[in-house]
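S.K.: Mind looking over this structure? Questions follow.
Protein chains: 2
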Amino acid sequence: MSRTTPQRSGRRPGDPQTRRAITAAARQAFARSGYDRATIRAIAAAAGVDPALVVHYFQSKEQLFRDVMQLPPGAAERIARLGEGPADSIGQRLAEVVVGIFENPDARDVFLGRIRGASAHPEAADLVKQTVERDMVTLAASLDVDRPELRAMLTGSIVIGTAFARYIVRVEPLASLDGPALVGLLAPQLQQSLTGQINQA
Amino acid sequence: MSRTTPQRSGRRPGDPQTRRAITAAARQAFARSGYDRATIRAIAAAAGVDPALVVHYFQSKEQLFRDVMQLPPGAAERIARLGEGPADSIGQRLAEVVVGIFENPDARDVFLGRIRGASAHPEAADLVKQTVERDMVTLAASLDVDRPELRAMLTGSIVIGTAFARYIVRVEPLASLDGPALVGLLAPQLQQSLTGQINQA
Chain A
184 MSRTTPQRSG RRPGDPQTRR AITAAARQAF ARSGYDRATI RAIAAAAGVD PALVVHYFQS
244 KEQLFRDVMQ LPPGAAERIA RLGEGPADSI GQRLAEVVVG IFENPDARDV FLGRIRGASA
304 HPEAADLVKQ TVERDMVTLA ASLDVDRPEL RAMLTGSIVI GTAFARYIVR VEPLASLDGP
364 ALVGLLAPQL QQSLTGQINQ A
Chain B
184 MSRTTPQRSG RRPGDPQTRR AITAAARQAF ARSGYDRATI RAIAAAAGVD PALVVHYFQS
244 KEQLFRDVMQ LPPGAAERIA RLGEGPADSI GQRLAEVVVG IFENPDARDV FLGRIRGASA
304 HPEAADLVKQ TVERDMVTLA ASLDVDRPEL RAMLTGSIVI GTAFARYIVR VEPLASLDGP
364 ALVGLLAPQL QQSLTGQINQ A
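Protein chains in written order, with my numbering: chain A, 184 to 384; chain B, 184 to 384.
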């Protein structure tokens, strides 16, 4: 079905680069095409391997998605430890970490792959849910604020919505904003979500 | 391919209810399954009509998506006119309109159908983009604030992210929050995005 002929580069199952090549191709495909359109066949073609090798390494598309959709080691820890600094600049620090993730191509692909995947696939939605619940709740719980769980979810919503509008819908002028300007836009917003007022219903 | 046998209810092309039945079925399918998984065959089955009738009325899946993914008449006008009230409660008024859309099942399906669609399909992403650019920019431009376009995009991002987290990822406690509590959570956040500080890069 693919119009691209697989360019086999002589990689064999034992080749340590094969798994990395598949991982990179899968991450890009999930981020750019979404879960349903990122087929094992297309990922194999992009990686220059036989589709059977993808199955050999990753068993299934679900498992492949789970394995390649991991944020860089340390990202969760960096977020969890942000609460150790002054509370009145927590929004600034979180904005810097978030924009750092957005500006790292691999990390951004993971982030976008999860968001696109969550729209079509309940397992991908679970992965987003677990990350928001773990990283954001840990951060909010480390602050001296009311309703930490609700603040965590609101903060996660703002980060997800910003990624969606900037990279998937590509609204302007948000899409072409440079990193420091995006930090300046997000910092007061995240300060509000983590430490500002929540109105009583 | 569908495991559901179409339940034909005797509707004919001239039946004025047919178009409404297809519209309702399509809106639900796009909102719940996403663009790629909402097939014309499945939509026809849910509407109780022959797939050929769907094509007769709507030409293509793209056109069907565009036609059924319209917010209720008046929604855009309500948002655009929010700026006429006091600036210090604009966040509260916008939060009430947004939550009103979320709590209306048809309007929510339109909103979610667009978001899910945007993840997979550039035309759906364009539809989200046009709405954010039209409704949010009109609102922000009516306020006496700096950087109105950037505020509009940030505000749209928060609304999209909240819908995504609440209805697609279903993070708790956000997913089970009642309407008034969600208004209370969103109001200060939207007040910040529309009228609060934006830091210089």
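Ideal placement from N, C-alpha and C gives every residue a C-beta, glycine not left out.
This structure is a prediction, so every number in the text was calculated from the model and none was measured.
Can you tell me which of the three DSSP states Y218(A) falls into?
M.R.: Position 35 of the first sequence, counted from the first residue, corresponds to residue 218(A). Y218(A): coil per DSSP, three-state reduction.
S.K.: Is the shortest distance between the beta-carbon of Q275(A) and the beta-carbons of chain B less than 9 Å?
M.R.: Locating residue 275(A) in the first sequence gives position 92, counting from the first residue. Yes, its Cβ sits closer than 9 Å to a Cβ of chain B.
S.K.: Of the residues that make up the stretch 344–361 of chain A, which ones have a beta carbon closer than 9 Å to any beta carbon in chain B?
M.R.: Taking 9 Å as the Cβ-Cβ cut-off against chain B, the residues of the stretch 344–361 of chain A that qualify are G344, T345, A346, F347, A348, R349, I351, V352, R353, V354, E355, P356, L357, A358, L360, D361.
S.K.: To test your reading of the DSSP string, which unbroken alpha helix (DSSP H) runs of 4 or more residues are found completely within the stretch 273–323 of chain B?
M.R.: Within the stretch 273–323 of chain B, the complete alpha helix (DSSP H) runs of at least 4 residues are 273–286, 288–303, 305–314.
S.K.: In whole angstroms, give me the CA-to-CA distance for F248(A) and A348(A).
M.R.: Walking along the first sequence from the start, residue 248(A) turns up at place 65. Walking along the first sequence from the start, residue 348(A) turns up at place 165. Distance between the alpha carbons of F248(A) and A348(A): 23 Å.
S.K.: Assign D318(A) to one of two classes, buried (16 or more other C-beta atoms within 10 Å of its C-beta) or exposed (fewer than that).
M.R.: Locating residue 318(A) in the first sequence gives position 135, where the first residue counts as 1. Its Cβ being crowded by 16 or more others within 10 Å, D318(A) is buried.
S.K.: If the cut-off is 7 Å on Cβ atoms, which residues from the stretch 308–327 of chain A count as contacting chain B, listed in chain order?
M.R.: Of all residues in the stretch 308–327 of chain A, A308, V311, K312, V315, E316 have a Cβ within less than 7 Å of some Cβ in chain B.
S.K.: Report yes or no: is there a C-beta of chain A within less than 9 Å of the C-beta of P255(B)?
M.R.: Translated into the one-based positions of the second sequence, residue 255(B) becomes position 72. No, because no Cβ of chain A sits closer than 9 Å to the Cβ of P255(B).
S.K.: So with CB distances below 8 Å, who are the chain B contacts of I381(A)?
M.R.: As a first step, residue 381(A) is located in the first sequence; it is residue number 198 there, counting from the start. What I381(A) touches in chain B: G367, L368, P371.
S.K.: Rounding to the nearest angstrom, what Cα-Cα distance links G362(A) and V282(A) in this structure?
M.R.: Within the first sequence, numbered from 1, the residue matching residue 362(A) stands at position 179. Within the first sequence, numbered from 1, the residue matching residue 282(A) stands at position 99. Each residue's Cα considered, the two are about 6 Å apart.
S.K.: At the 9 Å Cβ level, is Q375(B) part of the contact set with chain A, yes or no?
M.R.: Working through the second sequence from its first residue, we reach residue 375(B) at position 192. With 9 Å as the cut-off, Q375(B) counts as an interface residue toward chain A.
S.K.: Using 8 Å as the threshold, is the stretch 252–266 of chain A in touch with the stretch 286–294 of chain A, meaning 3 or more CB pairs across them?
M.R.: These segments touch.
S.K.: Closer than 8 Å by beta-carbon distance: list the chain B residues that pair up with R220(A), in chain order.
M.R.: By 1-based counting over the first sequence, the position of residue 220(A) is 37. Residues of chain B passing the Cβ test: D219, A303.
S.K.: Of all Cβ atoms in chain A, is any one closer than 9 Å to the Cβ of S340(B)?
M.R.: By 1-based counting over the second sequence, the position of residue 340(B) is 157. So, interface residue.
S.K.: Can you pull the chain B neighbours of L333(A), defined as C-beta to C-beta under 9 Å?
M.R.: On the first sequence, position 150 is the one that residue 333(A) refers to. Within chain B, the residues near L333(A) are P356, L357, L360, A364, L368.
S.K.: Find the nearest neighbour of P331(A) within the set A364(A), S376(A), Y350(A), judged by alpha-carbon distance.
M.R.: As a working note, residue 331(A) is residue 148 in the first sequence. If we check each option's Cα against that of P331(A), S376(A) comes out closest.
S.K.: Quick one, are the C-beta atoms of L360(B) and L368(B) less than 9 Å apart?
M.R.: Position 177 of the second sequence, counting from 1, holds the residue named residue 360(B). Position 185 of the second sequence, counting from 1, holds the residue named residue 368(B). A contact, by the Cβ cut-off of 9 Å.
S.K.: When burial is assigned at 16 or more other CB atoms within 10 Å of the CB, is Q313(B) buried or exposed?
M.R.: In the second sequence, counting from the first residue as 1, residue 313(B) sits at position 130. Exposed.
S.K.: For I351(A) and I298(A), which I take to be in contact (beta-carbon distance under 8 Å), what is that distance rounded to the nearest angstrom?
M.R.: By one-based count along the first sequence, residue 351(A) stands at place 168. By one-based count along the first sequence, residue 298(A) stands at place 115. I351(A) to I298(A), Cβ: 7 Å. Contact.
S.K.: For M252(A), return the contacting residues in chain B, with the cut-off set at a CB-CB distance below 8 Å.
M.R.: Mapped onto the first sequence, residue 252(A) falls at position 69. By Cβ distance, chain B contributes nothing, its closest Cβ being about 14 Å from M252(A), past 8 Å.
S.K.: Along chain B, in chain order, which residues have C-beta atoms closer than 8 Å to that of I410(A)?
M.R.: In the structure as shown, chain A begins at 184 and stops at 384. Residue 410(A) is therefore absent and cannot be evaluated.
S.K.: What is the DSSP secondary structure of I381(A), reduced to helix, strand or coil?
M.R.: Here the question's residue 381(A) lines up with position 198 in the first sequence. Reduced to three states, the DSSP call for I381(A) is coil.
S.K.: What did DSSP end up calling M336(A) once you bin it into helix, strand or coil?
M.R.: Counted from its first residue, the first sequence places residue 336(A) at position 153. Helix at M336(A).
S.K.: Quick one: does L337(B) have its CB under 9 Å from some CB of chain A?
M.R.: What you label residue 337(B) is simply residue 154 of the second sequence in a count that begins at 1. Chain A contact via Cβ: present.
S.K.: Looking only at its own chain, which residues have a Cβ that is under 8 Å from the Cβ of I341(A), when we skip the five neighbours before and after it?
M.R.: The count along the first sequence starts at 1 and reaches residue 341(A) at position 158. Excluding positions up to five away in sequence, the list reads L369, Q372, L373, S376.
S.K.: Cβ closer than 8 Å: which chain A residues qualify as neighbours of A384(B)?
M.R.: For the purposes of this step, residue 384(B) is taken as the residue at position 201 of the second sequence. Result: D361, P363, A364, V366, G367.
S.K.: For L326(A), which three-state DSSP category applies?
M.R.: Along the first sequence, read from residue 1 onward, the residue named residue 326(A) stands at position 143. Here L326(A) sits in coil by DSSP.
S.K.: Would you identify the three-state DSSP class for V253(A), choosing helix, strand or coil?
M.R.: Your numbering for residue 253(A) matches position 70 in the first sequence. In the sequence under discussion, the amino acid at residue 253(A) is Gln, which differs from the Val named in the question. Correct three-state label for Q253(A): coil.
S.K.: For S272(A), count neighbouring Cβ atoms within 10 angstroms of its own Cβ and tell me buried if that reaches 16, exposed if not.
M.R.: As a working mapping, residue 272(A) is identified with position 89 in the first sequence. Exposed.
S.K.: Between F216(A) and chain B, is the shortest Cβ-Cβ distance under 9 Å, so that the two count as touching?
M.R.: In the first sequence, counting from the first residue as 1, residue 216(A) sits at position 33. Checking the sequence shown, residue 216(A) turns out to be Ser, not Phe. So, interface residue.
S.K.: Hey, A335(A) and A324(A): beta-carbon distance below 9 Å or not?
M.R.: One-based indexing of the first sequence puts residue 335(A) at position 152. One-based indexing of the first sequence puts residue 324(A) at position 141. Yes, the Cβ-Cβ distance between A335(A) and A324(A) is below 9 Å.
S.K.: When the distance is taken between beta carbons, is R210(B) closer than 9 Å to Y240(B)?
M.R.: Counting from one through the second sequence, the residue named residue 240(B) turns up at place 57. Counting from one through the second sequence, the residue named residue 210(B) turns up at place 27. No; because the gap between Cβ atoms is not below 9 Å, this pair is not in contact.
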